[in-house]
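Accompanying notes for the structure given below.
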Amino acid sequence: MHSTHLTDVDLNLLVVLDALLSEGSVTRAARLLGRTQPAVSRSLGRLRELLGDPLLVRDGTAMVPTPRAEALRWPVQRVLRLVTAEVLSEQRFDPATASRAFTLASADYAEATLLTRALIRLSAEGPGVDLVLQPGDHTAIDEVDLVLCPGRPPRGSARSVFVGDEGFCCLVRADHPGIGAALELETYVALPHVLVTPRGTPGGVVDQSLAELGMSRRVWARTRSFLVAPELIAHSDAVLTVPSRVGRLAASRLPLRMLPPPLVLPTFAMHVSWHARWHHDPGHRWLRGVVVEEIRAIFALDEPVPPSGGATCPG
363 MHSTHLTDVD LNLLVVLDAL LSEGSVTRAA RLLGRTQPAV SRSLGRLREL LGDPLLVRDG
423 TAMVPTPRAE ALRWPVQRVL RLVTAEVLSE QRFDPATASR AFTLASADYA EATLLTRALI
483 RLSAEGPGVD LVLQPGDHTA IDEVDLVLCP GRPPRGSARS VFVGDEGFCC LVRADHPGIG
543 AALELETYVA LPHVLVTPRG TPGGVVDQSL AELGMSRRVW ARTRSFLVAP ELIAHSDAVL
603 TVPSRVGRLA ASRLPLRMLP PPLVLPTFAM HVSWHARWHH DPGHRWLRGV VVEEIRAIFA
663 LDEPVPPSGG ATCPG
């Protein structure tokens, strides 16, 4: 009994067999495939050896298929159609008809201030697409579809796109008794501070900048949430230094004043990042394309932090 292993089969041999069965001639099959007649003859020889059957036999001036070849005619065509349709064809993704879930990770403030527009558009374009939001940063790049994170983009197997630069502002309660038209550095240092630390670690860019001036501050309360911290400020005499976007959102909802920091603080870059394995996926290209476009549009509309003594924003 003749035994053939899949590792012995070259897909090109099936292409040749299909052409031979269709044309009934080595010459015509070679012309159809754009190959030389000797090359097709060699392929026929390999097929005969692999399958243990002559496959095509001469009958006068024509070549006719054996019963074994006839039995293979439709299976070979099905295999070639399947490979063409499922393996070789370009992947397509239509959000209007797709049913798929994507997970996005970000800090809570970015979720509230940067992702809303993108989520609304994603929902409109992909009504059957489910979106899962979770807290996280670039360390979650292996577990989620997309990460929106500040600072340096992740390296290694990650791909990233810059979407905008973010600055800082200070928040104090609207009727703070210790602050006049401007927030002076001496007052800033003397006040108790609320620190937002998503990872739960002490210190940050403010402490680094103060240390360069030979100064330090007292952190009265630490929280992981950018959305909880403004609530503490609205009901205390403390000061909060946060990304300007957080300040604008908080000052529109709570009785807070938004002021420029009394010391120089660097801006930081925001990036949208994803694992390299998703880079060529059509659905993921749609997802990140919408997210990047909408976030960049938000940054393009940004206004500068109001000057010292900026307007009080009612709650």
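Quick note on numbering: this note's numbering labels position 161 of the sequence shown as 523, and the sequence is numbered without any gaps. Glycine included, each C-beta is placed from N, C-alpha and C at the ideal position. Predicted, not measured: the structure shown is a model, and the values here were computed from it.
Whether or not the region 620-629 and the region 494-507 are in contact is what I'm after, with contact meaning three or more pairs of Cβ atoms, one per stretch, closer than 8 Å; do they touch?
no
Are there 16 or more other CB atoms within 10 angstroms of the CB of His642, so buried, or fewer, so exposed?
Here the question's residue 642 lines up with position 280 in the sequence shown. Exposed, by the Cβ-count rule.
Any 3 or more C-beta pairs closer than 8 Å across the region 547-559 and the region 575-589:
Judged by Cβ distances under 8 Å, the region 547-559 makes contact with the region 575-589, as three or more pairs qualify.
Under DSSP, the alpha helix (DSSP H) around Trp640 begins and ends at which residues?
Numbered from its first residue, the sequence shown carries residue 640 at position 278. Unbroken run through Trp640: none, as it is neither H nor E.
From Gly565, Cys531, Ala474, Leu418, residue whose alpha carbon lies closest to that of Leu602
One-based indexing of the sequence shown puts residue 602 at position 240. Of Gly565, Cys531, Ala474, Leu418, the residue nearest in Cα terms is Cys531.
Three-pair Cβ contact test at 8 Å for the region 395-403 versus the region 411-424
no
Option nearest Pro680 by Cα separation, candidates Leu382, Pro592, Ser387, Ala467:
No statement about residue 680 is possible, as the shown extent of the chain runs from 363 to 677 and does not include it.
How many angstroms separate the CA atom of Gly490 from the CA atom of Gly526?
Locating residue 490 in the sequence shown gives position 128, counting from the first residue. Locating residue 526 in the sequence shown gives position 164, counting from the first residue. When rounded, the distance between both Cα atoms is 30 Å.
So, for Trp640: in the same chain, excluding its five sequence neighbours on each side, which residues have a beta-carbon less than 6 Å away from its beta-carbon?
Position 278 of the sequence shown, counting from 1, holds the residue named residue 640. Correct list, in chain order: His646.
C-alpha distance - Asp372 paired with Asp421, whole-angstrom precision:
Numbered from its first residue, the sequence shown carries residue 372 at position 10. Numbered from its first residue, the sequence shown carries residue 421 at position 59. Between Asp372 and Asp421, the C-alpha separation is close to 28 Å.
If the criterion is Cβ atoms closer than 8 Å, does the pair Leu417 and Leu406 meet it?
Within the sequence shown, residue 417 is the residue found at index 55, counting from 1. Within the sequence shown, residue 406 is the residue found at index 44, counting from 1. Between Leu417 and Leu406, the C-beta spacing is below 8 Å.
My output table needs one value for Pro666: the three-state DSSP class, helix, strand or coil.
For the purposes of this step, residue 666 is taken as the residue at position 304 of the sequence shown. Confidence in Pro666 is poor, its pLDDT being 49 and thus under 50, which makes the residue's placement unreliable; the coordinate value appears in the next sentence. Three-state DSSP puts Pro666 in coil, outside helix and strand.
Where Gly677 sits in the DSSP three-state scheme:
Position 315 of the sequence shown, counted from the start, is the residue given in the question as residue 677. Because Gly677 carries a pLDDT of 28, less than 50, the predicted location of this residue cannot be relied on, and the following value inherits that uncertainty. If DSSP states are grouped into helix, strand and coil, Gly677 belongs with coil.
To the nearest angstrom, how far is it from the Cα of Val377 to the Cα of Glu487?
The residue labelled residue 377 in the question sits at position 15 within the sequence shown. The residue labelled residue 487 in the question sits at position 125 within the sequence shown. Roughly 41 Å separates the two Cα atoms.
Helix, strand or coil: how does DSSP classify Met363 here?
Working through the sequence shown from its first residue, we reach residue 363 at position 1. With a pLDDT of only 41 at Met363, under the threshold of 50, the placement of this residue in the model should not be trusted; the figure read from the coordinates follows. Here Met363 sits in coil by DSSP.
Nearest to Leu383 by alpha carbon, out of Pro497, Ser403, Val426?
Within the sequence shown, the letter at position 21 stands for residue 383. Minimum Cα distance to Leu383 is reached at Val426.
Distance between beta carbons of Pro497 and Ala469, contact taken as under 8 Å
By 1-based counting over the sequence shown, the position of residue 469 is 107. By 1-based counting over the sequence shown, the position of residue 497 is 135. Rounded, the Cβ-Cβ distance is 7 Å, consistent with contact.
Select from Gly518, Val551, Arg479 the residue whose C-alpha is nearest the C-alpha of Leu575.
Translated into the one-based positions of the sequence shown, residue 575 becomes position 213. Selected option, being the one with the closest Cα: Val551.
Determine the DSSP secondary structure at Ser522, reduced to helix, strand or coil.
For the purposes of this step, residue 522 is identified with residue 160 of the sequence shown, where counting begins at 1. Strand.
Environment of Pro676 [buried if 16+ CB atoms lie within 10 Å]
Against the sequence shown, residue 676 aligns to sequence position 314. Any reading at Pro676 needs caution, since the residue's pLDDT is 30, under 50, leaving its predicted position unreliable; the model's value is listed next. Pro676 comes out exposed.
Starting from Gln496, follow the alpha helix (DSSP H) in both directions and report where the run begins and ends.
Taking the sequence shown and counting its residues from 1, one reaches residue 496 at position 134. That residue, Gln496, is in no alpha helix (DSSP H); its beta strand (DSSP E) goes 491-497.
Can you tell me which of Ser571, Leu481, Thr459, Phe455 puts its alpha carbon nearest to the alpha carbon of Ala467?
Here residue 467 refers to the residue found at position 105 of the sequence shown. Nearest of Ser571, Leu481, Thr459, Phe455 to Ala467, Cα basis: Leu481.
Am I right that Val653 and Ser522 are in contact with their C-beta atoms under 8 Å? What's the rounded C-beta distance?
Translated into positions along the sequence shown, residue 653 becomes position 291. Translated into positions along the sequence shown, residue 522 becomes position 160. Their Cβ separation, rounded to whole angstroms, is 12 Å, which puts Val653 and Ser522 out of contact at 8 Å.
If you draw a straight line from the alpha carbon of Ile541 to that of His500, how long is it in whole angstroms?
As a working mapping, residue 541 is identified with position 179 in the sequence shown. As a working mapping, residue 500 is identified with position 138 in the sequence shown. In a straight line, the C-alpha of Ile541 is about 38 Å away from that of His500.
With 16 other CB atoms within 10 Å as the buried threshold, where does Gly513 fall?
Locating residue 513 in the sequence shown gives position 151, where the first residue counts as 1. Looking at its Cβ environment, which holds fewer than 16 other Cβ atoms inside 10 Å, Gly513 is exposed.
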